[in-house]
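What follows is one structure encoded as structure tokens, with my remarks underneath.
There are 2 protein chains.
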Amino acid sequence: MNDDAPAVRRRRGSELEAAILRATWEELGAVGYMNLTMEGVADRARTGKQVLYRRWRNRAELVLAAMRSRVVSIADDVPDTGELRGDVLAVLDRMARRYDDVGPDVVHGLMAEARDLDPVFFSIMTGVMETILRRAADRGEIRPGAVGRRITTLPADLLRHEMLLTSAPVPESTLVEIVDDVFLPLVNSRAGRRR
Amino acid sequence: MNDDAPAVRRRRGSELEAAILRATWEELGAVGYMNLTMEGVADRARTGKQVLYRRWRNRAELVLAAMRSRVVSIADDVPDTGELRGDVLAVLDRMARRYDDVGPDVVHGLMAEARDLDPVFFSIMTGVMETILRRAADRGEIRPGAVGRRITTLPADLLRHEMLLTSAPVPESTLVEIVDDVFLPLVNSRAGRRR
DNA sequence: CGAATAAGAGACGCCCTGTCTCTAATGCCG
DNA sequence: CGGCATTAGAGACAGGGCGTCTCTTATTCG
Numbered sequence: 292m293n294d295d296a297p298a299v300r301r302r303r304g305s306e307l308e309a310a311i312l313r314a315t316w317e318e319l320g321a322v323g324y325m326n327l328t329m330e331g332v333a334d335r336a337r338t339g340k341q342v343l344y345r346r347w348r349n350r351a352e353l354v355l356a357a358m359r360s361r362v363v364s365i366a367d368d369v370p371d372t373g374e375l376r377g378d379v380l381a382v383l384d385r386m387a388r389r390y391d392d393v394g395p396d397v398v399h400g401l402m403a404e405a406r407d408l409d410p411v412f413f414s415i416m417t418g419v420m421e422t423i424l425r426r427a428a429d430r431g432e433i434r435p436g437a438v439g440r441r442i443t444t445l446p447a448d449l450l451r452h453e454m455l456l457t458s459a460p461v462p463e464s465t466l467v468e469i470v471d472d473v474f475l476p477l478v479n480s481r482a483g484r485r486r
Numbered sequence: 292m293n294d295d296a297p298a299v300r301r302r303r304g305s306e307l308e309a310a311i312l313r314a315t316w317e318e319l320g321a322v323g324y325m326n327l328t329m330e331g332v333a334d335r336a337r338t339g340k341q342v343l344y345r346r347w348r349n350r351a352e353l354v355l356a357a358m359r360s361r362v363v364s365i366a367d368d369v370p371d372t373g374e375l376r377g378d379v380l381a382v383l384d385r386m387a388r389r390y391d392d393v394g395p396d397v398v399h400g401l402m403a404e405a406r407d408l409d410p411v412f413f414s415i416m417t418g419v420m421e422t423i424l425r426r427a428a429d430r431g432e433i434r435p436g437a438v439g440r441r442i443t444t445l446p447a448d449l450l451r452h453e454m455l456l457t458s459a460p461v462p463e464s465t466l467v468e469i470v471d472d473v474f475l476p477l478v479n480s481r482a483g484r485r486r
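Line by line, the protein sequences give chains A and B.
Numbering of the first sequence is given in the working numbering, commencing with residue 292 and proceeding in unit increments.
Numbering of the second sequence is given in the working numbering, commencing with residue 292 and proceeding in unit increments.
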């Protein structure tokens, strides 16, 4: 008889970690953030709670890790349509679709529980918009340095506000409104904001 | 012997309700939203959990009721400084101070747990801004109907976004930025947004 | 006054947290 | 290749809150 063969196979290290993050993502989809428990994730991943607590201090950190393992950063592929309006619309659209994937439930839950997700999560859009505006300036569409920080982040800020409040998918028309009625008029105003 | 005198006095109806809401508010200040429990409130109000559950279905509803019992609506006293800029700054300042009273903890918690506080809570500012803009139009400061819905709510939306993300008190300079760099330029742009 | 109502008090089962324990699978290093 | 350090998997544990239920009795209304 072969008594040397292990009764069960044990995962370790990154293999186990990946399995847990996958289980977290599935659990998130199955029960939502509010009803997600460490026990539920551990069961789904066929492991014990201790293994989870060894890696993440709490639910918020676990879910954040699960999201990061899924997400390709918006910053990695900045739209380049050859026109400022098209670029901004494209990047807002990506934001909106990303949010639909994650769900308002998760975002609200994380904001309530995680005390510091601002830097990584919300400041990404600043860099993306700066790239878009620099390209527009290179093209001669706008004057370099004509757009201050507040206006730079304005489209993303307004969309984020919309998403946080409504919890329903943001329609395309809202994106157009943000760009055509708010952002572009400010960029094109002859005053040329500086701050 | 006076055996007819009740051993303990029992509060009822609105008297009891007021005591519970007061206790909820105190508990909120003492332990914050995340650590607020129905048991904690019941103990502080010297009553039983059942009495709470008879009136509110859960923590979110209880806290909402406690807030409503405290708050004088911003809509009840719209600023009137005689100038559009001053009015908008004043109303933003009230919003910001109101938020400081309540605390980011409570707002984030409520947004995560209460599934429908948009209507009552967030649409108030629309009416306030419409009043302010109407007065400005009457004064001849702006053209009547020159400001569309999106621009009307823009100052409040941007401030709210700021408050939801930063969790620190919003400085006066941010309010000025919102009004001078975003709102007023759009209102004064000769295009005069319509939508 | 008598009946209906609801407060106060406590117990209950359930679930989840976060920690601790133990055994045995795994991978590393000599 | 074999022994050892690591750590996964499994389960128990106390602690605490939820939401419901029960019981007694103060209060109010008709």
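Virtual Cβ for every residue (Gly too), placed ideally from N, Cα, C.
For B:Trp-316, which residues in the same chain have their Cβ closer than 7 Å to its Cβ, ignoring the five residues on either side in sequence?
As a first step, residue 316 of chain B must be located in the second sequence, where it is residue number 25. If we look at B:Trp-316 and ignore the five residues flanking it on each side, its Cβ neighbours are Ala-357, Arg-361.
For B:Glu-432, which of B:Gly-377, B:Val-342, B:Thr-328 has the nearest alpha-carbon?
Position 141 of the second sequence, counted from the start, is the residue given in the question as residue 432 of chain B. Answer by Cα proximity: B:Gly-377.
Among the residues of its own chain, which have a CB less than 8 Å from the CB of B:Arg-486, if the five just before and after it don't count?
On the second sequence, position 195 is the one that residue 486 of chain B refers to. Confidence in B:Arg-486 is poor, its pLDDT being 43 and thus under 50, which makes the residue's placement too unreliable to answer from.
Rounded to a whole number of angstroms, what is the C-alpha to C-alpha distance between B:Glu-453 and B:Leu-383?
As a position in the second sequence, residue 453 of chain B is number 162, starting the count at 1. As a position in the second sequence, residue 383 of chain B is number 92, starting the count at 1. If I take the Cα positions, the gap works out to 12 Å.
Counting only beta-carbon atoms, is A:Ala-403 nearer than 7 Å to chain B?
By one-based count along the first sequence, residue 403 of chain A stands at place 112. Yes, contact with chain B.
Using a Cβ-Cβ cut-off of less than 7 Å, give me the residues of the segment 460–483 of chain A that come near chain B, in sequence order.
The residues in question are Glu-468, Asp-472, Val-473, Pro-476, Leu-477, Ser-480, Ala-482.
Using a C-beta to C-beta distance shorter than 7 Å, which residues of chain A count as neighbours of B:Arg-549?
Absent from the structure is residue 549 of chain B, since the part of chain B shown begins at 292 and ends at 486.
Taking Cβ positions, are B:Ala-314 and B:Arg-335 nearer each other than 7 Å?
Within the second sequence, the letter at position 23 stands for residue 314 of chain B. Within the second sequence, the letter at position 44 stands for residue 335 of chain B. The answer is yes: Cβ separation under 7 Å.
Taking a contact to mean a Cβ-Cβ separation below 7 Å, would you say A:Val-379 touches A:Pro-460 in this structure?
If you number the first sequence from 1, residue 379 of chain A lands on position 88. If you number the first sequence from 1, residue 460 of chain A lands on position 169. Contact: no.
Rounded to whole angstroms, what's the CA-CA distance from B:Met-325 to A:Asn-479? Just pull it up for me.
The sequence position of residue 325 of chain B within the second sequence is 34, counting from 1. The sequence position of residue 479 of chain A within the first sequence is 188, counting from 1. Each residue's Cα considered, the two are about 45 Å apart.
Please list the partners that B:Arg-434 has in chain A, where partner means a Cβ-to-Cβ separation under 8 Å.
Your numbering for residue 434 of chain B matches position 143 in the second sequence. Chain A residues near B:Arg-434: none, gap ~16 Å exceeds 8 Å.
Just the chain A side, please: which residues come within less than 9 Å of B:Leu-380 by C-beta, in chain order?
To locate residue 380 of chain B, count along the second sequence from 1; it is residue 89. The premise fails here: B:Leu-380 is roughly 16 Å from chain A at the closest Cβ pair, so nothing lies under 9 Å.
Quick one: Cα of B:Phe-413 to Cα of A:Asp-471, how far?
Here residue 413 of chain B is taken as the residue at index 122 of the second sequence, counted from 1. Here residue 471 of chain A is taken as the residue at index 180 of the first sequence, counted from 1. Each residue's alpha carbon lies about 24 Å from the other.
Taking all protein chains shown into account, do 16 or more other C-beta atoms lie within 10 angstroms of the C-beta of B:Phe-474, making it buried, or fewer, making it exposed?
What you label residue 474 of chain B is simply residue 183 of the second sequence in a count that begins at 1. Buried, by the Cβ-count rule.
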